[in-house]
Each structure stands twice: as structure tokens, then as C-alpha cells.
Amino acid sequence: MSNSILIAENLSKHYFLGGQKVTVLKDISLAIGKGEFVVIAGSSGSGKTTLLSVLSGLDRPSSGKIILAGSDITNLTEDQLAPVRNDLTGFVFQAFHLIPSLNGIENIMFPAELKKDSDARNKAQTLLDQVGLVHRGNNFPEQLSGGEQQRVAICRALINNPEIVFADEPTGNLDSENSEGIIKILLDLHKDRQMTLVIATHSRSLASRADRIILLYDGRIQEGS
Ligand SMILES: Nc1ncnc2c1ncn2[C@@H]1O[C@H](COP(=O)(O)OP(=O)(O)O)[C@@H](O)[C@H]1O
Ligand SMILES: [Mg+2]
Numbered sequence: 011m012s013n014s015i016l017i018a019e020n021l022s023k024h025y026f027l028g029g030q031k032v033t034v035l036k037d038i039s040l041a042i043g044k045g046e047f048v049v050i051a052g053s054s055g056s057g058k059t060t061l062l063s064v065l066s067g068l069d070r071p072s073s074g075k076i077i078l079a080g081s082d083i084t085n086l087t088e089d090q091l092a093p094v095r096n097d098l099t100g101f102v103f104q105a106f107h108l109i110p111s112l113n114g115i116e117n118i119m120f121p122a123e124l125k126k127d128s129d130a131r132n133k134a135q136t137l138l139d140q141v142g143l144v145h146r147g148n149n150f151p152e153q154l155s156g157g158e159q160q161r162v163a164i165c166r167a168l169i170n171n172p173e174i175v176f177a178d179e180p181t182g183n184l185d186s187e188n189s190e191g192i193i194k195i196l197l198d199l200h201k202d203r204q205m206t207l208v209i210a211t212h213s214r215s216l217a218s219r220a221d222r223i224i225l226l227y228d229g230r231i232q233e234g235s
């Protein structure tokens, strides 16, 4: 695909557990187009989290190649990779992973402050407003509900205006009402900003709206590459 924002070629990932080699990703090749909304589906243990981590540069493949926004990131050192990740990607985790000692606004600002963006606070306020949480910016994570924490985490993922947002079971820790709120925010992002989204999810509501579903089975792509 010529307008691909992300290309993976022959990725594999293995771990050594008690001297035993366990292969969790097997010969994964895929291309994700700019503006595409892709859902990664597959049963628990099929490799969704590992694949998202490797595609987003949070973790390294054991072999294979990853091209993000036209640059080969496979062999970058951690020091080289960190700013690329911070500029080009956003990541939303199932368990939110906000920094407990920072309030909502400060959590959202964090990735922008890493790149010395003097407009970080304004951008964070605007994003909080867009997710309907402007009144909660001074609250710390423990003072927010799960749904509110995830909305803050989505704002954090967006503050550097990334090329691609990854989300790993973003509604997995939420009740159905909060899940619907998060799903709506993600779908609006795709529609309004043409944001490229790669989401691992069990939510049928999300999957039914994806442009494409990539189905993993035992570390391999079974359908949708
Ligand atoms: N750090 C690790 N060390 C060893 N095995 C791992 C590690 N992380 C994941 N695995 C294994 O890789 C497989 C895929 O896990 P994961 O990517 O979390 O799947 P999913 O997100 O689809 O549930 C599982 O069998 C899991 O036990
Ligand atoms: Mg997982």
C-alpha cells in the first residue's frame, strides 16, 4: 500500500521461559493505511498485546522489520526510538496507566512537555473539553472513575497529534455505559480527524465499525493482513 503509515514485514517475537523458547508472534506481515481504522481481534493469548507493543515501538520484535511513517524503526536505539514514539504514536492501555502523582491536566501535558511544547497546557485543556471532562482537570487519577481515567488517557495519547493511535482493549476495564462513551470518542476521532486507529478489542460494537479486522490465532494472522 503506497499510503501506508505502518508496515510490518515478517515479524516474529519469542520469549525464553525456563530455558524454553516460546514464540508468540509468527511471521506477521501487514500494512496499515493512513486514516484506516483497524481492529485486532483474537482470543485471549493469541498475541494481540504483544503485536500492538511491537508495532508501536514499545517492545522489539525478535526478527522482522517495522516501517513507521516511512522510516525503518527496527534498529533504532531506545534513545533514538523514544522521541519517534512520542511524536508519531499515541498508546491507550486497558489499565489506563496514568501517573498517580500528576493530576489530569498534568498527565495529558506530559508527552508535550517532553518535547518542550510551550502550548502544552492549552492543548491539554482543549482535549479535556472535547472529552467532556474540563471540570476534572485538577483531579488526580485516584479521584476519577475508570471511564474518566480512560478519557484522560486518550487525551494524553492525542496531545502530540500523533500519526497513529494504538489502543489495547481500551474498554476492557469499564462497565458497558463507560465503554460506550469511550467507543464514541474513538469513533469520533476516526471520523472527525481521520485518525489512524489500531485497536485490540473484544467489543463487537467497535469491531463492527472498523474498516478492517485482523484476526490473530496463536500468534499468526488468520485473516485480514
Ligand atoms: N513477557 C512475556 N514472557 C513470556 N510470555 C509472554 C510474555 N508476554 C506475553 N507472553 C505470552 O505470549 C502469548 C500472547 O500474549 P498476549 O500478547 O498478551 O496475548 P493477548 O493480548 O491476545 O491476550 C501468551 O501465551 C502469553 O502468555
Ligand atoms: Mg492482551
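Going by our numbering, the sequence shown opens with residue 11, and the numbers climb by one from there.
For every residue, glycine included, the Cβ atom is placed at its ideal position computed from N, Cα and C.
With a cutoff of 8 Å on beta-carbon distance, A51 and L225 are scored as near each other. When distances are taken from the beta-carbon of S56 to the heavy atoms of ligand 1, the shortest one is below 7 Å. Around the Cβ of K58, a 10 Å sphere holds 16 or more other Cβ atoms; the residue is buried. Burial state of L27 is exposed, judged by a 10 Å Cβ sphere holding fewer than 16 other Cβ atoms. In this structure, the straight-line span from the alpha carbon of N117 to that of P151 is close to 9 Å.
Within 10 angstroms of the beta-carbon of P172 lie 16 or more other beta-carbons, which makes it buried.
Excluding the 5 residues flanking it on each side, E19 has same chain C-beta neighbours closer than 6 Å at S39, G74, K75, in chain order. The beta carbon of I193 sits closer than 7 Å to those of T181, S213, S215, L216, all from its chain and outside the five residues before and after it, given in chain order. For A51, the shortest C-beta to heavy atom distance toward ligand 2 is 7 Å or greater.
Across the structure, L207 and G45 are spaced so that their CA atoms are roughly 7 Å apart. Annotated three-state conformation of I109 is coil, per DSSP. Under the three-state reduction of DSSP output, S63 falls in the helix class. In the three-state DSSP reduction, R222 falls in the strand class (E or B). In the structure shown, H24 adopts extended strand secondary structure according to DSSP, grouped into three states.
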